[in-house]
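Undergrad:
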Amino acid sequence: MSRTRRWLIFATGLALLISVPAAVGTLPVAGSSTPAAELLGRINSSAGATYSGYAESNGGLALPVTQQYSVLANLFGDQTQMRVWSRGPADWRVDSLSVDGETDLYSDTAGTWTWDYETNQVIRTTYGPNQLRLPVPADLLPSNLARRLLSEATSGEVSRLPTRRIAQRSATGLRLTPAASASTIDRVDVWADEATGIALRVEVYSRGEQNPSLTSAFLDFRTDDPSPDITRFIPPPSATVRETNQADIASAVNRFGQLTPPTELAGLPRNTLLQGLTRVGTYGRGVTELAAIPLPVSTADGLREQLKKVPGIATTSDYQLGVIGPVSLLLGPDLNRRAAWLLVGTVDPDTLRSAIDRLPTSLRRPR
Numbered sequence: 028m029s030r031t032r033r034w035l036i037f038a039t040g041l042a043l044l045i046s047v048p049a050a051v052g053t054l055p056v057a058g059s060s061t062p063a064a065e066l067l068g069r070i071n072s073s074a075g076a077t078y079s080g081y082a083e084s085n086g087g088l089a090l091p092v093t094q095q096y097s098v099l100a101n102l103f104g105d106q107t108q109m110r111v112w113s114r115g116p117a118d119w120r121v122d123s124l125s126v127d128g129e130t131d132l133y134s135d136t137a138g139t140w141t142w143d144y145e146t147n148q149v150i151r152t153t154y155g156p157n158q159l160r161l162p163v164p165a166d167l168l169p170s171n172l173a174r175r176l177l178s179e180a181t182s183g184e185v186s187r188l189p190t191r192r193i194a195q196r197s198a199t200g201l202r203l204t205p206a207a208s209a210s211t212i213d214r215v216d217v218w219a220d221e222a223t224g225i226a227l228r229v230e231v232y233s234r235g236e237q238n239p240s241l242t243s244a245f246l247d248f249r250t251d252d253p254s255p256d257i258t259r260f261i262p263p264p265s266a267t268v269r270e271t272n273q274a275d276i277a278s279a280v281n282r283f284g285q286l287t288p289p290t291e292l293a294g295l296p297r298n299t300l301l302q303g304l305t306r307v308g309t310y311g312r313g314v315t316e317l318a319a320i321p322l323p324v325s326t327a328d329g330l331r332e333q334l335k336k337v338p339g340i341a342t343t344s345d346y347q348l349g350v351i352g353p354v355s356l357l358l359g360p361d362l363n364r365r366a367a368w369l370l371v372g373t374v375d376p377d378t379l380r381s382a383i384d385r386l387p388t389s390l391r392r393p394r
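Numbers in our numbering are just positions in the sequence shown, counted from 1, shifted up by 27.
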C-alpha cells in the first residue's frame, strides 16, 4: 500500500473519529483546581512521558528564506500534519505531511534518521554539542512547542484558563503573558492533558493581532507506550543512505573572531543558551529573546534579496528591518564585504535598532 493511500485512509478514519461523536467535543468538562504555577511545572516536566497521536500545526509566517531553506517557509507558513510515537526525549518517530510531501523522522540518542519514502532516500544526521540545527516538524508538536515556549516562564507570568476538551480528553488551560514590554508576543495559550501534563494545544498570539500567528493541536492523542519497533529505524536494503553532520550554523560564523557579541545588548543580558558558541549572541529569556549572528556575506546577500520581496520590510542605507508575525529581524550593512550582522528575535523594532548600534563592526579586509 502506498504511503499516500495510507495517509488518505488514516485521514478518512480520523475524520470519522472526530465527526461521528459530534457531541464529544462539546461535552462538559470538569474544572481544574490546579494552580497555574503547578501546571507550568507539570508541562515542563512532561518530556519523559510516552504517547502517540495525530497533530496539525498552522502558521501564517511569510519567512524570507532562500531556496536552500524553503522547508522553513513551508513549516511556519503552511499546515503540517504529523503522526507521532514518542517513547522519550531521544526515542521517537514523527511522520509529517506538508506541501513538500511526506517525510518520516526517527530519533535516537546519536541523532536522527530522515526517510523520504517517495524517493527512497535516507539521511543519517548526527549532532555535536551546542550545535545549532534547523527546526523540524517535530518541533511544532504541541507537546514540544509548549515546553520550549514555557521553559523559562516565571510563576508571575502565568495564569489559568478554563478547561477544554481537546482530542477527546480533558485539557487544563494555561496562559503565558510575557513580562518584558519589548516582547512581540502578546500571549501564549496552552491546554495540557490533565493526567500527564502533556500539552495538547498551543496558540501563539502576536501583539495587536486577534488571530494566532501559530497554532498546533492534537486531534487524536493516546497515552500508550509505543512499541520499540515503531520508533526504531533500519534503512531498507534498496534505499540510498547518506550520512552527514548537519551543516552547523555556528561553524559558518565562528570564523569572524573579531565580531564577538557583547555581554549585554539593548538592555537584555546575554544568556547561556549557546554556551561555547562565542560568535553567536543570544539575549533575554523565554519568549522574549534576541539573537545576534554575524552572517557570511554570501548568506547575507541572499537574505537581503529575499527581504526585498517581503511586504512590510523597510530598507534604508543602513539596514533592512521588519516584523513578520511575532518575529522581528534586522539585517545590517556589509562589513568590508565579508560579513553582516543579522538580528532576529521576538522583540520590537526599537530594540533591534538600539542593538545594531552597539555591535562591533571592526573587521579587517583579508590580505
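Glycine residues also receive a C-beta, built at the ideal position from the N, C-alpha and C atoms.
Where glutamate 316 and threonine 309 are concerned, what is the direct C-alpha to C-alpha distance, given to the nearest angstrom?
TA: In the sequence shown, residue 316 corresponds to position 289, counting from 1. In the sequence shown, residue 309 corresponds to position 282, counting from 1. Using only the alpha carbons, I get a separation of about 7 Å.
Undergrad: What is the rounded straight-line gap between the Cα of tyrosine 144 and the Cα of aspartate 131?
TA: On the sequence shown, residue 144 is found 117 positions in, with the first residue counted as 1. On the sequence shown, residue 131 is found 104 positions in, with the first residue counted as 1. Distance between the alpha carbons of tyrosine 144 and aspartate 131: 8 Å.
Undergrad: By how many angstroms is the C-alpha of valine 314 removed from the C-alpha of threonine 223?
TA: Numbered from its first residue, the sequence shown carries residue 223 at position 196. Numbered from its first residue, the sequence shown carries residue 314 at position 287. Roughly 24 Å separates the two Cα atoms.
Undergrad: Could you give the residue range of the beta strand (DSSP E) that holds valine 231?
TA: What you label residue 231 is simply residue 204 of the sequence shown in a count that begins at 1. It spans 226-233 - the beta strand (DSSP E) in which valine 231 sits, taken as one unbroken run.
Undergrad: Can you check DSSP and say which residues form a bridge with proline 321?
TA: By 1-based counting over the sequence shown, the position of residue 321 is 294. Bridge partners of proline 321: Trp368.
Undergrad: By the 10 Å Cβ neighbour count, where 16 or more other Cβ atoms means buried, how is isoleucine 351 classified, buried or exposed?
TA: Here residue 351 corresponds to residue number 324 of the sequence shown, with the count starting at 1. Buried is the call here.
Undergrad: For leucine 227, which residues in the same chain have their Cβ closer than 7 Å to its Cβ, ignoring the five residues on either side in sequence?
TA: Indexing the sequence shown from 1 puts residue 227 at position 200. Closer than 7 Å at Cβ, skipping near neighbours: Pro169, Ile193, Ala194, Arg196, Ala198, Trp218, Ala219, Asp220, Ala244, Phe245 and Phe248.
Undergrad: For the beta strand (DSSP E) containing asparagine 238, list its first residue and its last residue.
TA: Residue mapping note: residue 238 aligns to position 211 of the sequence shown, counting from 1. Segment: none, asparagine 238 is in no beta strand (DSSP E) and carries neither H nor E.
Undergrad: What does a CB cutoff of less than 7 Å around threonine 305 pick up in its chain, not counting 5 residues either side in sequence?
TA: The count along the sequence shown starts at 1 and reaches residue 305 at position 278. Here the set comprises Thr287.
Undergrad: Please classify tryptophan 383: is it buried, with 16 or more other beta-carbons within 10 angstroms of its beta-carbon, or exposed?
TA: Residue mapping note: residue 383 aligns to position 356 of the sequence shown, counting from 1. Checking the sequence, you will find isoleucine at residue 383 rather than tryptophan. With 16 or more other Cβ atoms within 10 Å, it is buried.
Undergrad: According to DSSP, which residues form a beta bridge with glutamate 270?
TA: Here residue 270 is taken as the residue at index 243 of the sequence shown, counted from 1. Paired residues: Arg151.
Undergrad: Any idea what DSSP makes of aspartate 166, helix, strand or coil?
TA: Along the sequence shown, one-based indexing puts residue 166 at 139. Note: aspartate 166 maps to helix in three-state DSSP.
Undergrad: Sorted by chain position, which residues of the same chain lie with C-beta nearer than 7 Å to glycine 52's C-beta, five sequence neighbours on each side aside?
TA: Along the sequence shown, read from residue 1 onward, the residue named residue 52 stands at position 25. With a pLDDT of only 47 at glycine 52, under the threshold of 50, the placement of this residue in the model should not be trusted, and no figure is reported.
Undergrad: Output needed for phenylalanine 37: all residues of its chain with C-beta closer than 6 Å, excluding positions within five of it in sequence on either side, in chain order.
TA: On the sequence shown, position 10 is the one that residue 37 refers to. Residue placement at phenylalanine 37 is flagged as unreliable, the pLDDT there being 43, under the threshold of 50; the coordinate-derived value follows with that caveat. None.
Undergrad: Using a beta-carbon distance below 8 Å, is serine 325 in contact with chain D?
TA: The chain inventory of the structure shown lacks chain D, comprising one protein chain alone.
Undergrad: Just to confirm the assignment, what range does the beta strand (DSSP E) spanning leucine 356 have?
TA: Your numbering for residue 356 matches position 329 in the sequence shown. Unbroken beta strand (DSSP E) run through leucine 356: 354-358.
Undergrad: Quick one: what's got a C-beta closer than 6 Å to arginine 380's C-beta in the same chain, skipping five residues either side?
TA: The residue labelled residue 380 in the question sits at position 353 within the sequence shown. Hits under 6 Å: none found.
Undergrad: Once you ignore the five residues that flank proline 376 on each side, which residues in its own chain have a CB closer than 7 Å to its CB?
TA: Taking the first residue of the sequence shown as 1, we reach residue 376 at position 349. Leu348, Val350 and Ser355, listed in sequence order.
Undergrad: Could you give the residue range of the alpha helix (DSSP H) that holds glycine 86?
TA: Along the sequence shown, read from residue 1 onward, the residue named residue 86 stands at position 59. Where glycine 86 is concerned, there is no enclosing alpha helix (DSSP H), although the beta strand (DSSP E) it sits in stretches over 78-86.
Undergrad: Would DSSP call threonine 53 helix, strand or coil?
TA: Position 26 of the sequence shown, counting from 1, holds the residue named residue 53. At threonine 53, the pLDDT of 49 sits below 50, so the modelled position is not reliable; the number obtained from the coordinates is stated separately. Helix, per DSSP.
Undergrad: Whole angstroms are fine: how far does the CA of isoleucine 257 sit from the CA of valine 374?
TA: Taking the first residue of the sequence shown as position 1, residue 374 is located at position 347. Taking the first residue of the sequence shown as position 1, residue 257 is located at position 230. The straight-line gap from Cα to Cα measures roughly 41 Å.
Undergrad: With DSSP collapsed to three states, give me the class of proline 387.
TA: Working through the sequence shown from its first residue, we reach residue 387 at position 360. If DSSP states are grouped into helix, strand and coil, proline 387 belongs with coil.
Undergrad: Output needed for alanine 76: all residues of its chain with C-beta closer than 6 Å, excluding positions within five of it in sequence on either side, in chain order.
TA: Counting from 1 along the sequence shown, the entry for residue 76 is found at position 49. Within the same chain, alanine 76 has close Cβ partners Thr223 and Ile225.
Undergrad: What residue range does the beta strand (DSSP E) around glycine 128 cover?
TA: For the purposes of this step, residue 128 is taken as the residue at position 101 of the sequence shown. That run of the beta strand (DSSP E) goes 128-134.
Undergrad: Can you grab the Cα-Cα spacing for the pair threonine 342 / arginine 385, in whole Å?
TA: One-based indexing of the sequence shown puts residue 342 at position 315. One-based indexing of the sequence shown puts residue 385 at position 358. Taking the straight line joining both Cα atoms gives about 20 Å.
Undergrad: Hey, quick one: how far does the alpha helix (DSSP H) through leucine 67 stretch, first residue to last?
TA: Taking the first residue of the sequence shown as position 1, residue 67 is located at position 40. Run containing leucine 67: 63-71, per the alpha helix (DSSP H) assignment.
Undergrad: Can the beta-carbon of alanine 107 be found less than 8 Å from the beta-carbon of proline 164?
TA: Residue numbering aside, residue 107 sits at position 80 when the sequence shown is read from its first letter. Residue numbering aside, residue 164 sits at position 137 when the sequence shown is read from its first letter. Before going on, a small fix: residue 107 reads as threonine here, not alanine. Their beta carbons are under 8 Å apart, which means threonine 107 touches proline 164 by this criterion.
Undergrad: Per DSSP, isoleucine 261 forms a beta bridge with which residues?
TA: Walking along the sequence shown from the start, residue 261 turns up at place 234. Paired residue(s): none; isoleucine 261 is not in a bridge.
Undergrad: Mind checking which residues open and close the beta strand (DSSP E) that includes glutamine 347?
TA: As a position in the sequence shown, residue 347 is number 320, starting the count at 1. Segment 347-351, the beta strand (DSSP E) holding glutamine 347.
Undergrad: Looking only at C-alpha atoms, which of Asn71, Ile320 and Thr152 sits nearest to glutamate 270?
TA: The residue given as residue 270 occupies position 243 in the sequence shown. Glutamate 270 has its Cα closest to that of Thr152, out of Asn71, Ile320 and Thr152.
Undergrad: In the DSSP assignment, what residue or residues form a beta bridge with isoleucine 193?
TA: Translated into positions along the sequence shown, residue 193 becomes position 166. Paired residue(s): Arg196.
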